[in-house]
Amino acid sequence: MGDVKGFLRHKRALAEYRPVCERVKDYCEVCILPKEKHSEEQASRCMDCGTPFCHWGCPIGNYIPEWNDFVFRKDWKEAFTLLDATNNLPEITGRVCPAPCEYACVLGINDDPVTVRENELAIIEYAFKHKLIKPRPPKKRTGKKVAVIGSGPAGLSCAAWLNQAGHKVTVFEKDEKLGGILRFGIPDFKLDKWILDRRIRIWQKEGIEFKSRINAGVDIKAKKLIKDYDAIVVACGSRAPRDLGIAGRDLKGIHFAMDYLIQSNKRLSGQQFAEFELIDAKDKRVVVIGGGDTGADCVGVACRQGASCIVQIEIMPKPAECRTKDYPWPKYPLLLKTSTSHEEGAERRWSILTKKFIGEGGQVKKLSCIRVEFARDSEGCPTMKEIPGTEFEIEADLVILALGFLYPEKKGLIEALKLELDSRGNVKTGANLMTSQKGIFSCGDMHRGQSLIVWAIYEGRAAASHVDKYLAE
Amino acid sequence: MKDREKLEKFGLYDSRFEHDSCGVGFACNIKGVKSNDIILKGLTVLKRLEHRGATGADPKTGDGAGILIQVPHEFCQKVCAENKIELPRAGAYGTGLVFLPQDEKERNFCKNVFFKVIITEGGALLGWRAVPVDNSGIGKSAKATEPVIEQIFIGRQSPVAGRRSTASGQDNLDFERRLYVIRRQVEKAIRASRLKQKSFFYITNLSSRTLSYKGLLMPNQLGDFFLDLKERSLQSAICLVHSRYSTNTFPTWDLAQPFRFLAHNGEINTLRGNINWMQARESLLKSELFKGDLKKILPVIVPGGSDSATIDNVFELLTLSGRSLEHVMLMLIPGAWEENTFLDEKIKDFYKYHNCFMEPWDGPAAIAFTDGTKIGASLDRNGLRPARYIVTKKDLVVMASEVGVLDIPDSDILISGRLEPGKIFFIDTQQGRIIEDKEIKEKVSSQKPYGKWLKGNITELRDGSQLKSLPAGRQARVSPKRGHLMNDLRTVPMLKAFDYTREDLKFILKPMVENAQEPVGSMGNDTPHAVLSQRPQLLYNYFKQLFAQVTNPAIDPIREELVMSLSTYIGKGKNILEETPLHCHKLLVKQPILSNAELEKVRRIKKNGFKTKTISLLFRVKEKDSFKKALERICKEVSSAIKKGYTFIILSDRGVDEEHAALPALLATAGVHHHLVRSSERTQLGIIVESAEPREVHHFALLFGYGADCINPYLAYEAINRLIQEKEISLDLECALHNYIKALDKGILKILSKMGISTLQSYRAAQIFEAVGLSVDVIDTYFTGTVSRIGGATLKTIAEETLLRHQQAFSAQSLQQDYLATGGLYQWKKDGEFHLWNPESIAALQDATRNNDAKKYAEFTQLINDQSKQPATLRSLLRFQAVKPVPIEEVEPIEEIVKRFATGAMSFGSISRSTHETIALAMNRLGGRSNTGEGGEDPLRFTPLPNGDSVRSAIKQVASGRFGVTTNYLVNADELQIKIAQGAKPGEGGQLPGHKVSAIIARTRYTTPGVTLISPPPHHDIYSIEDLAQLIFDLKNVNPRARISVKLVSEIGVGTVAAGVAKGHADMILISAGDGGTGASPLSSIKHAGLPWELGLSETHQTLVLNDLRSRVRLQTDGQMRTGRDVAIAALLGAEEFGFCTAVLIVLGCVMLRHCHLNNCSVGVATQDDILEKRFRGSPEYLMNYFRFVAEELRQIMSNLGVRRIEEMIGRTDLLEVNSAILPWKAKEIDFSRILYKPNVPENISTHCTIKQDHGIDKVLDLELIKLAQAALKEAKPVKINAEIKNTDRTTGAMLSGKVCSIFGEEGLKEDTIYCKFKGVAGQSFGAWLAQGVTFELEGLTNDYVGKGISGGKIIIYPDKNARYKPEDNIIVGNTTFYGAISGEAYIRGVSGERFCIRNSGLNAVVEGVGDHGCEYMTGGRVVILGKTGRNFAAGMSGGIAYVYDVAGNFKKKCNMDMVALEKLTLEDMETIKNLLYRHHKYTESPIAEKILQNLQQEARKFIKVMPLEYKRILGLKDMENKLEVAEVSDG
């Protein structure tokens, strides 16, 4: 540890965001990259704990204290080496990870945690800027071929890792562009897409073959896949959205968040859509149902599209602003999060249940809502109760359903490969991530259910190492 | 089978680890005039030393006592006549007492053997005489093993034909040799026989010169037991006496001393190595004098003897083969000569020459020796045993561990002296004079032209510039064997192949290179034992360093560096019975960690017949069994190298690649060493290890400890080079390697010193380690003689581990990284080694205790107790037997159980004030005990808070630094704990750097803020077991209400030490685990020193039970104690109390930052930083919740085990069994039967503590003093007391002072309120903890530990007014005077022994001369020395001022200048000296003081002021502050 007293000398300081008035006018990234000196100072706050809870809290086990120390000592190269050791996509997690590490940071007990996520970002951007990242094709090829289906964070991490192990990897993506949810699910103002392309170019040079617009299991038959490849990894995410089956659901103007975000991203990348397909918030009263991160992304997009007003509602009560007994340190707590999108303007309301949609001429116009409260039953499980007499309405021209995802899409690949599913509808695997079919592995949300990007990376890497072991047998 | 043998075979006890330490002495007539009086005097000496001996459970059975006298011819004639034995003239017959079997048949068999051997050797058996004894007074156990004792008489001439028949002195020795040859043959024959009672058989001595009477007796029983000793006709001019105090739990008749030549008080630490080396030398033994007889006596060392018996064996051989007594003594126990600037070159040459073929027998020792004409005594290089002597006008000399053991009129005393470190006190009764040390050394060093021989034969491997010649690691890359060039790309796989991790670089190498120091860490060790770890482990990790505790002191390798040495002499050994120039034909390596250049020098050496062969340690990865074959090949190659005349071999693991892996260097080294010991060829060859493996200090210590002569750690150098190239280290390579080697040197010296060993030469091959988890086969073949008590990994496992490592580096699998593995040993890491304290367990414990959530606590215990996936502790492999449960309601309540809980000794200083007080508060509320730790306690805490709570710690620790150990502190305790060792760093001292000594810490420690505080490695009043008994006695006197506990750390032999401690009257013994500890310590000590409590506790319990000592003492254990299950297992293994440490801190907020040593604890637990301390969020409730949870969990277990009270479960190992289902792969062969062994004892023997110790404080002189001082104690009125005093009046003043303090508090009474005037010779600890207002004036002499811990009292000592000797030239007070003095005054008219005013905090003292190490570790006070000082003055002195009257003008050379400067006096100093001398003169009438006072201006020039640098700086700052304050005031 370079500076033992760093945390007493410096307060936590986040890098800056572009001013709201400026950023809402475009889709460029809202955050400004931290300056090196700033990161060095912030990294000095890291105490290099004997029991690094951050490292524990991070699903992929980033060597956080080690690279913080290197940053503090301006040894960016070593910092990068260690960051690269555990994370295939630090430029992504450095931007959009909710950073469980920071919630586990020991300084968080009685002070503000280290800016781990931003330090990560600083390291990886330094590495790109100073050309520390170069394609590193494996020295030897094993002669084995692996198909990775799905190019989201899990599929990509898995492919990269398998390729490093010397296997010939082909990534199949049914969309026209690679990246899955990274590309289409996250708005540009949070993650500019050139960042993804930059990484994919490196992997291409390392020898990974990427095939987009191919719906594996449909465009290529399952049998052929199984025949052509020594192992298959399916990582197609968990894309079936949770719906709200209430009256008026079939009115126009009610969309799933993912449809909204994907289209927005596609439009930005230049794709044209017919008028009837368009989901646009311009001059509309927008209601986003669902208070999570995706909902927040929708708020940001709607804002940029010029919505006349935006309301975000959530069924659960307003979370606490700091830790409660239910979430003692170092657990990842449920806290009130105010994202950059919220700062840009949206009304947020909690404890609201939508009872029905009310429309005019087939177009949604209003939501009929009621307030709810939660209590605990004898088992300690929360139960919801409507509060009589609190019914009210919200006017809306566009309703976005950001209620999370249920399970992977079952049509297509899962059926074709005859993969068994678990009780929640996700792909079932053994401890080695192998599915019910020999030689076919699954990872990421498709296996785990909807989760964080870091978990997807973790699963992708884990799958790669199991595949590698499988192929060695 | 006897109990002892049973225990040794099935339990954990190992008789090799018994210790003794004793009273030794002699009386002698210088002129050789024989008398019965000398013998009576000897017996008196023996009796007066009785308090230094010990008794076992049976109060009448001592550990052994005896005397050695000249063969009393007149007496023999008389008794032979009675027995019809025809006795020739004096000197023409040999005699001796023989212990014989009780069984008549067996007895006759023994006698018959004697007869036959005598005949074959051409002697004559003159007859046997039954030695009359009266065994009515001796103890039960002594009686049970009492042999039949007969005296044998052997004639020089065979009745048939005289073989050799002249009668000169030389022939006298020739006869002695024949008697020796006879004795050895008889001993061997009986040992080899099948006699049932052969253990009874023992020949005390067989000589024409000396005769000994000894047995398993107490000193006062000896004279009554042997009726001979009542005979007036028994006469001798010499009487050597010995009283034994053994930790030995099973004392036997044969181990009583004196032996044939010597009696020993002390301990040989290097015994194992010495025995191995002697064995290795036996094939070379040749002697003109013995001719063919030599092989009849082999082995030289009788197996199973004590250390003292062993050195006697060697002493005997060397003496009888022609060397003089004094020569042999100097050869076996040399003084510290290397750094001694006062020693003549010639004498240094003598030492150096003998060093070439005899390693020192190292350890604290006062040895008295005699051949019947000459008698002498010698002290080890450290002077760690006391030895005082008196010479009288009437030619009488009395030497003993204490003065006052014989009543001698003061007017008769000619000299009152002490033995000095490394010196010999010698009397030749034939010449009728005392021969000075100087004369002896002059004489022996002139016998041969040693200097000339050395010049022509010793080649020194010079270092100097060798580091320069190493160009940036280039040379490191040349693989001599395989010709590979190691380029940078290859470094990473090489590092991986040898298991280097990122932590090795960051936590080990980097700090060593940057600071030239071993790295420091904190918070103990919670990782699995090597044998349990899922990861491949280096073989080094299977070994734990052993350390000295109680029975001998550790040394301070920094402050007492002058006694230490790393010099190594390598080359062919020679016959040690001769002396030739070729004996020193050696390569001298002063620093045995070789640079690459040095190694190449050795490799290419051609000089003087030196020749080096490199032997590869590689084996082929793919070949089956190649691991084992390689080991065999290497041994063969080594033997053949010897035949080809090679003098050195280099065992090299260079050249590892995809196909070749390396044998563990340690395995190869130890294997080769033992192979050569077995073939008696070891001394033919120097073993140099060229290995990539060793990197940290522990590795090097092991390699040396198992026989390596020199080591070249080439990969460590390479790794450092890499760190430099990567700019991780900003030093040049030369400097970096220099620092690294320096750090290693210091670290190795520290490991040596922990065991009390001073020289690497003695440490080499001494095997001072215990293995944990290695199978018997591996141990017996490669690490012969090493203790490994639970078995474990086999050779196959070790091979597998090696291959796994190799695979990680070179496997074809290409998920390969260009960075090293995490490690995770020193910090928890996701992909690193398992830790029991990990984020989950820490979080669960905090959550559970904060919210008093039993469910959460259950989650926590699950994380700790169920280690089936990754066992970390030995106890995790055990499970409870299924028995009939009892209802939980019947189990004793939580409230009773928590009283058995204690918190660990964490000082205020190491943890914050809030933490310390929170712990105390919680424990007081629960009725448990908290511990002050070392460093005092704020007296404000002694008073309860208004609400009834108390933050006073029940346990007050007494540690080696004695910081804040005032009388008041001691009286405010329920328990006084003597910390002998601590788990994190047993055997080491500590240091609190000045910048951490804040005002409040300084106040509680009674020192100056900002001044560094050093805790010495040993207690300087405990160098042996009888010293510990003395300290226990001292403390009990100060506070008779408090129980006295002794804290030990688990290691092999702790059971025997504990038995000694129990005999020393401790009320409670704490066995700490080596893996515990919260404080800052060197990482290598945290990880590699000390053993788990499962072993130590169980060994202790077993040993105590079998000796019926268990009933007298309670046992506590601690170290990584976390849950009720841990407590249950500890109880079943024998503990009745339980200590918690780390868990306590975690409950209070610690999250294992492991930053304690940085004062940077972000949660305010282990810091003194005000800002950080405010972050502390702990609360006593949390802790109470925790302990209640633990107790409740324990209750549940008790209920399941069918026990209602803890007493019922103590030692019930039958309720435990091994859970073999969860044994991890390396531990499949592990064997717990020794741990679970339950000694079978009769029902009347209690297996837990049931009776109180008898401390013997009901007859101390203080009771009288207290009675006489009632007026003072009741009304603070002055009283004057006059009393006689003798050496058996020990610790006078302590109980009185305790009374004063408990009545009047810290302030005590006004000066001189209780004024005691004594006359006589005071016993040990005179004036200990003397309180404010008490004055002790003594006319006479004193022994050791005068005024220890004096807290405001005044001590005045001057010799008897009738004495005619000059006090300023004679010893008036003993060693270790004013140790840990807090404040007060002392005036000593005369000279003191070693370590005057050691660790003085604030006493003002005047003395007229001191021995070595004066004012060591002093932090405050003023000391005036009006005479000579010894060497190493002011070592570690960080505060206070000493004024030395340097008349001889050589003081500078004697002063250790590391921390002090020598200055001239200022006016203020003059004033101080004047005042002190004025009082000195007033109280003692010292003429020296008078003389100086008369002409102070002139005399002042002869004074040298010894000023600690740090102290000066601090005083300077204070001055500034004061001035500023004044300035402000005047401004205002």
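These protein sequences, in sequence, are chains A and B.
Per the working numbering, residue 3 is the first one in the first sequence, and the count goes up by one each step.
Per the working numbering, residue 19 is the first one in the second sequence, and the count goes up by one each step.
Just so it is clear, CB atoms sit at the ideal spot from N, CA and C, and this is done for glycine as well.
Straight across, the Cα-Cα distance linking residue 55 of chain A with residue 1398 of chain B is about 43 Å.
When the alpha-carbon of residue 1493 of chain B is set against those of B:1482, B:1479, B:1481 and B:1508, the nearest one is in B:1508. The C-beta distance from residue 223 of chain B to residue 299 of chain B rounds to 25 Å, too long to fall under 8 Å, and the pair is not in contact. Chain-order list of chain A residues neighbouring residue 857 of chain B: 53, 54, 55, 57, 58, 59, 106 and 332, by C-beta distance under 9 Å. When the beta-carbon positions are compared, residue 462 of chain B and residue 333 of chain B stay at least 8 Å from each other.
In this structure, residue 681 of chain B and residue 635 of chain B form a Cβ contact; the two beta carbons are roughly 5 Å apart against a cut-off of 8 Å. Along the length of the stretch 898-931 of chain B, whole beta strand (DSSP E) runs at least 3 residues long occupy 919-923, reported in chain order. For residue 327 of chain A, the nearest CB of chain B lies under 8 Å from its own CB, placing it at the interface with that chain. Residue 562 of chain B and residue 26 of chain B have their C-alpha atoms roughly 21 Å apart. Restricted to the stretch 417-474 of chain B, the alpha helix (DSSP H) segments that are unbroken, complete and at least 4 residues in length are 455-464, listed in chain order. Taking 8 Å as the threshold, the shortest C-beta distance from residue 1178 of chain B to chain A falls below it.
Taking CB atoms only, residue 63 of chain A has a neighbour in chain B less than 8 Å away.
In this structure, the CA atom of residue 1362 of chain B is about 16 Å from the CA atom of residue 1354 of chain B. In chain order, 221 and 320 place their CB closer than 7 Å to the CB of residue 205 of chain B, counting only its own chain and leaving out the 5 sequence neighbours on each side.
Shown in chain order are the members of the stretch 107-122 of chain A whose Cβ falls below 9 Å from a Cβ of chain B: 108, 109, 111, 112 and 113.
Of the other Cβ atoms in all chains shown, 16 or more fall within 10 Å of the Cβ of residue 889 of chain B; this residue is therefore buried.
In the displayed model, residue 120 of chain A falls within a helix according to three-state DSSP. A straight line joining the alpha-carbon of residue 587 of chain B with that of residue 1073 of chain B spans about 37 Å. Residue 1537 of chain B counts as exposed, since fewer than 16 other C-beta atoms from the protein chains shown sit within 10 angstroms of its C-beta.
Under the DSSP definition of a beta bridge, residue 395 of chain B partners with B:386 and B:443. Proximity of chain A to residue 541 of chain B at the Cβ level (cut-off 7 Å) is accounted for by 52, in chain order. Per DSSP, reduced to three states, the secondary structure at residue 171 of chain B is strand.
A contact is defined here as three or more CB-CB pairs under 8 Å, and the stretch 1057-1073 of chain B meets this definition with respect to the stretch 995-1004 of chain B. Contacts with chain B (Cβ-Cβ distance below 8 Å) from the stretch 78-103 of chain A involve 80, 83, 84 and 87, listed in chain order.
The CB of residue 835 of chain B comes closer than 7 Å to the CB of 87 in chain A, given here in chain order. Contact check for residue 1395 of chain B against residue 1365 of chain B passes: the beta carbons are separated by less than 8 Å. Annotation: Cβ neighbours of residue 10 of chain A in chain B (cutoff 7 Å, chain order): 1189. By the Cβ neighbour-count rule, residue 360 of chain B is exposed, with fewer than 16 other Cβ atoms within 10 Å of its own.
For residue 1038 of chain B, there is no enclosing alpha helix (DSSP H), as DSSP gives it neither H nor E.
With fewer than 16 other beta carbons inside 10 angstroms of its own, residue 285 of chain A counts as exposed.
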